[in-house]
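Working notes for the structure below.
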Amino acid sequence: MPAPYGLVRVQGPEAREYLQRICAQDVLGMAPGEARPAAFLNAKGRLLHTCWVAVLGDTVWLSVPDPDSAALAAMLEQFHFTERLEIARIEGLGCFEHWSSAPLGDATVVEVGDGVRLSFPWHGVWRDRWHVALDRVDALAADAEPLSAAEAACLRIATAEPWVGVEVEPGGTLALELPIADHISTTKGCYTGQEIV
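According to my numbering, the sequence shown holds residues 16 to 212 in order.
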């Protein structure tokens, strides 16, 4: 089904180290081709953004619920000073996501044209998310049984994926009050909001 996710790319030799300092997930602990859920918090430990982080070499892809991708890209740019990296909200792509209770192959992250494909199991549902050119989204969706917006929202909520700006007010809810423990590393070093978590 066409899916409401945007894409932010952080690319460069210091991309992972930069995100490690401000993201609650352990980005440096991720293997190439791995994807994990992640959160960005404010200094008071309140949730600002959620996303899926995917690592491929010097490129880190952030798959973000839209329209939050613009706000996340702006926040990342705000904290970017001299690090050797570029931050870009990828425009002109669509998103297609296939959900299944059965495995859809190996968990993987691969670049597809100017975009990326993330395939991952999460909370009992296998998700295969494609950020690709709009014509490719149409081709992928041609053979799929579409969900209504209400059905997709029910599945998303059932798999514990709260959206900032929909179920959660940006900066208004403590990360600890949400079912997002898998978005937050409890073993890595400092990051924004870590003192509260």
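Built from N, CA and C at the ideal position, the CB exists for glycine as well.
For residue i, does the three-state DSSP call read helix, strand or coil?
i	result
residue 193	coil
residue 228	One cannot answer for residue 228 here, as it falls past the ends of the chain, which runs 16 to 212.
residue 70	strand
residue 163	coil
residue 56	strand
residue 206	coil
residue 63	strand
residue 77	strand
residue 173	helix
residue 50	strand
Are residue i and residue j touching if we call contact CB-CB under 8 Å?
i	j	result
residue 100	residue 26	yes
residue 58	residue 39	no
residue 47	residue 65	no
residue 79	residue 87	yes
residue 130	residue 22	yes
residue 114	residue 56	no
residue 282	residue 144	Nothing about residue 282 can be reported from this structure: the residues present for the chain run from 16 to 212 only.
residue 135	residue 196	no
Which whole-angstrom value describes the C-beta separation of residue i and residue j, a residue pair presumed to lie in contact below a C-beta threshold of 8 Å?
i	j	result
residue 18	residue 166	Between residue 166 and residue 18 the Cβ distance is about 12 Å, and since that is not below 8 Å, they are no contact.
residue 98	residue 182	In fact, because the Cβ distance is near 32 Å, the residues do not count as touching under 8 Å.
residue 61	residue 187	6 Å
residue 133	residue 69	5 Å
residue 126	residue 71	6 Å
Whole angstroms are fine: how far does the CA of residue j sit from the CA of residue i?
i	j	result
residue 146	residue 137	18 Å
residue 203	residue 153	40 Å
residue 141	residue 106	26 Å
residue 158	residue 121	21 Å
residue 198	residue 34	14 Å
residue 162	residue 155	14 Å
residue 93	residue 119	38 Å
residue 160	residue 89	35 Å
residue 103	residue 191	29 Å
residue 76	residue 84	11 Å
residue 41	residue 211	17 Å
residue 116	residue 63	30 Å
residue 193	residue 96	31 Å
residue 36	residue 128	29 Å
residue 45	residue 168	29 Å
residue 74	residue 178	24 Å
residue 24	residue 67	12 Å
Answer yes or no: the CB of residue i versus the heavy atoms of the ligand GTP, is any distance below 7 Å?
i	result
residue 70	Ligands in the displayed structure: none, and consequently the ligand GTP is not present.
Are the C-beta atoms of residue i and some chain D residue less than 8 Å apart?
i	result
residue 170	Of the protein chains in this structure there is only one, and it is not chain D.
| query | Counting only runs that start and end within the region 97-166, where is the alpha helix (DSSP H) found for 4 or more residues in a row? | reply | 149-157
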